[in-house]
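Residue numbers (our numbering): 679 to 808. Worksheet: the structure to be examined is printed underneath.
Right under this line is the structure:
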């Protein structure tokens with residue numbers, strides 16, 4: 679993924695990364711997910727998410743924000759992914775999020791399937807220093 683190439687030099691104030699994931703948070707509505715995802719899919723998905731975070735960070739302006747989101751319930755795709763990104767990205771910091779939406783999960787918030795009739799998902803707001 680090379681966003682600098684397709685963005686034509688444009689830098690962004692805000693980015694929403696709805697990352698490809700295991701989709702474990704939507705199984706109640708899409709039960710076929712159980713048959714389409716395997717545990718050996720996870721390393722490739724986690725690697726792709728990390729690559730997307732790193733690539734999109736490069737086109738975010740200083741002071742810009744990136745909202746990382748998945749429809750996953752798995753920590754490897756969610757809080758562990760964000761924690762690893764924060765550890766390797768010195769100009770990134772987690773921003774606080776409204777506590778009415780989801781449960782604290784590391785630097786982000788996790789919603790579970792069925793809460794308020796919604797699917798399960800995770801989100802974390804990251805800010806670039808500057």
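Quick reminder that beta carbons are idealized off the backbone N, C-alpha and C, glycines included. Just so you know, these numbers come straight off a predicted model, no measurement behind them.
Selected residue, minimal CA-CA separation from residue i, among the options
| i | options | result |
| --- | --- | --- |
| residue 686 | 783, 708 and 737 | 737 |
| residue 786 | 748, 769 and 721 | 748 |
| residue 800 | 755, 768 and 794 | 755 |
| residue 709 | 791, 733, 680 and 727 | 791 |
| residue 705 | 729, 728, 798 and 784 | 798 |
Coil, strand or helix - residue i by DSSP
| i | result |
| --- | --- |
| residue 792 | coil |
| residue 683 | helix |
Buried or exposed by the 16-neighbour rule on C-beta atoms within 10 Å, applied to residue i
| i | result |
| --- | --- |
| residue 744 | buried |
| residue 731 | buried |
| residue 789 | buried |
| residue 702 | buried |
| residue 735 | buried |
| residue 777 | exposed |
| residue 694 | exposed |
Which residues DSSP lists as bridging residue i, in chain order
| i | result |
| --- | --- |
| residue 826 | Residue coverage of the chain in this structure runs from 679 to 808, which leaves residue 826 outside it and unanswerable. |
| residue 693 | 744 |
| residue 775 | In the DSSP output, where bridge partners are listed per residue, residue 775 has none listed. |
| residue 805 | 743 and 771 |
key: Completely contained alpha helix (DSSP H) runs for the stretch 716 to 768, where each covers 4 or more residues   = 720 to 735 and 757 to 766
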